[in-house]
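The structure under discussion appears below in the form of structure tokens.
Protein chains in written order, with our numbering: chain A, 1 to 418; chain B, 419 to 836.
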């Protein structure tokens, strides 16, 4: 069978399976999730063996150490994957919830009910734990899933997938419920993105190149998990000790993640008092500063930030710094250089905080807290499939509820339209 | 200026305007909507004059009578457009609603708030009332809008637009809040669909060709208002008098709309009793029947339905009829031939109705009521921008709430991530 018909067949079978899944009760789904966790633990030797193959190849190909680290599995990481499946099995499920219901004057009763989306395709890179996390969250919400991982992790992903699939088979659930493309042919992704008759949603998780390619080629709705160019704005009326603590946390606590601060904005009236101490603290922590001209006048010997810097997600111990004349300029900067992810204001002035919250067009906007809280677990959702930087369907942390859609169930007793 | 930079400029200015709109209070927006209604009435002579130009051209080009009717304006239709703007000004607005709010153990307070989507592009055909309806609904919800109507209605659309825009200008609101492309160059649509940095959502409203082209070319999220291949399934345990009344209403009351029935499915055990009377009634009303083989055996002299018929949205007094062996087959048929719009079961059996409601993958599923109720007004939403046949973000009737997204506002007192 050629690749085109193979991909189409996988997508069609996933749709059939997603419909069959509608009749699988939550108690069964939770039981399967628990057994999937057990199966991961039972098969850990095979998974680690497959992972060693990927690591060896990655080393031969000269992949960077951080990339190899993201790829690597060990006993502890496999246990974390199993624990995560157990945790998901224990969460309450949004499917079948009545969102609202009302009666019409003609006595039609309308219920708006949460239902699974259907078939979800997830295209990702590197980390093999994404394989089990995504299968867990999609299966919990009765969605069929088609996974396409990076070629660098293909052996690890296939081994994880095999361990989970065996449980699906044991329970005689439809075969198409969980799928992992076993080919690393790049054309498979292009073909997958054309299956809009069968696939309801595509979630790309990875670098900018991957996401742009998916958006360009997809006929299926896409929810992007895009970069995080997050800002903290230190207002004229900020508590400067608090500001120092929050900015430090937002940049340094874990610089390699999407909700870390990349640009610090400082109001001109407090820049002279705030910047010297703050930047000194950053430099002691090994943070490279790239500042605007005004920053450079206040603190000597720092590198100048280019226009490009303010558009950059460093994911590293580097920070752009800009002095702004007004709150309005800070908001303008964030809306024009940011990525609509997470942005914070530090201020004691309530009017300023409200203006910031209202006018900054980002998924999560903070007053007097670190941007690092943008996360499904930190938000109390109990899970996370990623952080949407899109505005349609799901925005910010995506968990179980965001993997559902709704339908209207209308109960009549013979009503006709006049 | 060339077309490419012109389209980009319009999109960029719309985004700027959408941000400024966040500071325009609801009371002002409602006042503007009321004045827009007045302005339509005041400018009705100019609008009717422009409309006569379009009609004359349409006649010269030999457009069909129904198309010309959809294009035509008169005093009554302009009054209906003005009334609709007044009605929208009176509706409560979902923007700024708190969807939910909660506290975290670390005392972070999280609010999930409804906000405007931003910039919405609407690409439509024929009816000039869509121009004022879409402007009204988008402006109410503080979204900027870019309209692209059909070339056949360009003079009418421009005249309506001019009347509404004058109110925006009078109130010194940002110019980019409402936009109508004045060019009929087809390339303008292609260019518009690439402005994903500025436009947040595209809604195509029109024929299959238009929608497919938009989906293929767009880098912006699209919500499709696709065709309605709606079914009524008459179950083995239906009240046959009720079934006759509902099927007749679903097909005949207004056959040219998307929520009218296109295919009637009948359980084999009641087909012999139900079909002769039902089809007789349909034929008296001028409905052409295209039946499956089993239908043809029960009622003589009817045309055979082809495979293609079951995929067809007739929008006319034509009906496909199929006898099915089981409820399961009915559900399978709907999921495979339908368009996920509106489908109904007629039955007295509660188990059957629940199975149907759960397993039919459509936006609106009915028990013992006509599919004709799928409509924003009939659902009690007070407005309608269309019926989404997509599953992401908005499904079924789309009104004000569906023109919003949300953001998380997080209120802290110095919380940092440990």
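All C-beta atoms, glycine included, are put in the ideal place defined by N, C-alpha and C. Owing to the predicted nature of the structure, the values given are computational and were not obtained by experimental measurement.
Counted as a single uninterrupted DSSP element, the stretch harbouring residue 259 of chain A is not any beta strand (DSSP E), since DSSP gives it neither H nor E. Interface criterion not met: the Cβ of residue 130 of chain A is under 8 Å from no Cβ in chain B. For residue 237 of chain A, none of the residues of chain B pass the 8 Å Cβ criterion, the least Cβ distance being about 15 Å.
Residue nearest to residue 331 of chain A within the set A:358, A:402 and A:205 is A:358 (criterion: CA-CA distance). One alpha carbon belongs to residue 576 of chain B, the other to residue 441 of chain B, and they sit about 28 Å apart. Neighbours of residue 426 of chain B across chain A, judged by C-beta separation under 7 Å, do not exist; the nearest C-beta is about 15 Å away. In this structure, the beta-carbon distance from residue 150 of chain A to residue 132 of chain A does not fall below 8 Å.
Of all residues in the region 391-405 of chain A, only 391, 392, 393, 394, 395, 396, 397 and 405 come within less than 9 Å of chain B when Cβ atoms are compared, listed by chain position. Of the residues assessed, residue 521 of chain B falls on the exposed side of the cut-off, its CB having fewer than 16 other CB atoms within 10 angstroms.
The beta carbon of residue 816 of chain B is closer than 6 Å to those of 803, 804 and 806 in its chain, skipping five residues each way along the sequence. For residue 372 of chain A, no alpha helix (DSSP H) encloses it, and the DSSP letter there is neither H nor E. Scanning its chain for C-beta atoms nearer than 6 Å, with the 5 sequence neighbours on each side dropped, one finds around residue 164 of chain A the residues 36 and 135, in chain order. Residue-level contact check: residue 25 of chain A does not touch chain B, since none of the beta carbons of chain B fall below 8 Å from its beta carbon. The beta-carbon separation of residue 320 of chain A and residue 244 of chain A, rounded to 17 Å, does not stay under the 8 Å limit for a contact.
By the Cβ neighbour-count rule, residue 709 of chain B is buried, with 16 or more other Cβ atoms within 10 Å of its own. Using a Cβ distance threshold of 8 Å, residue 342 of chain A and residue 228 of chain A count as a contacting pair.
DSSP, read as helix, strand or coil, puts residue 822 of chain B in strand. Ranked by how close their Cα comes to the Cα of residue 66 of chain A, the residues A:315, A:247, A:327 and A:295 have A:315 in first place. Counting along the chain, no beta strand (DSSP E) covers residue 799 of chain B, and no H or E run does either. Note on geometry: alpha-carbon atoms of residue 586 of chain B and residue 450 of chain B lie some 7 Å from one another. Closest in alpha carbon position to residue 434 of chain B, among A:380, A:390 and A:336, is A:336.
Pairing residue 590 of chain B with residue 578 of chain B, the inter-Cα distance amounts to about 19 Å.
With three or more CB-CB distances shorter than 8 Å, the region 348-363 of chain A counts as touching the region 223-243 of chain A. With respect to residue 265 of chain A, residue 214 of chain A sits apart: the two C-beta atoms are not nearer than 8 Å.
Neighbours of residue 767 of chain B across chain A, judged by C-beta separation under 9 Å, do not exist; the nearest C-beta is about 14 Å away. Selection A:40, A:360, A:325 and A:253 evaluated against residue 166 of chain A yields A:40 as nearest (Cα-Cα). Between the region 80-88 of chain A and the region 53-70 of chain A, the count of Cβ pairs shorter than 8 Å is below three; the stretches do not touch. Residues of chain A whose Cβ lies closer than 9 Å to the Cβ of residue 786 of chain B are, in chain order, 411, 412, 413, 414 and 415. According to DSSP, residue 534 of chain B shares a beta bridge with B:822. Contact of residue 797 of chain B with chain A by beta-carbon distance below 7 Å involves 110. Per DSSP, residue 672 of chain B lies in no alpha helix (DSSP H) and is assigned neither H nor E. Counting along the chain, no alpha helix (DSSP H) covers residue 148 of chain A; the unbroken beta strand (DSSP E) around it starts and ends at 144-148. Around the Cβ of residue 725 of chain B, a 10 Å sphere holds fewer than 16 other Cβ atoms; the residue is exposed. Scanning the region 704-776 of chain B for uninterrupted beta strand (DSSP E) segments of 3 residues or longer gives 706-709, 736-742 and 760-764, listed from N- to C-terminal end. Across the structure, residue 717 of chain B and residue 558 of chain B are spaced so that their CA atoms are roughly 53 Å apart. One thing to note: residue 699 of chain B has its Cβ within 8 Å of the Cβ of residue 666 of chain B.
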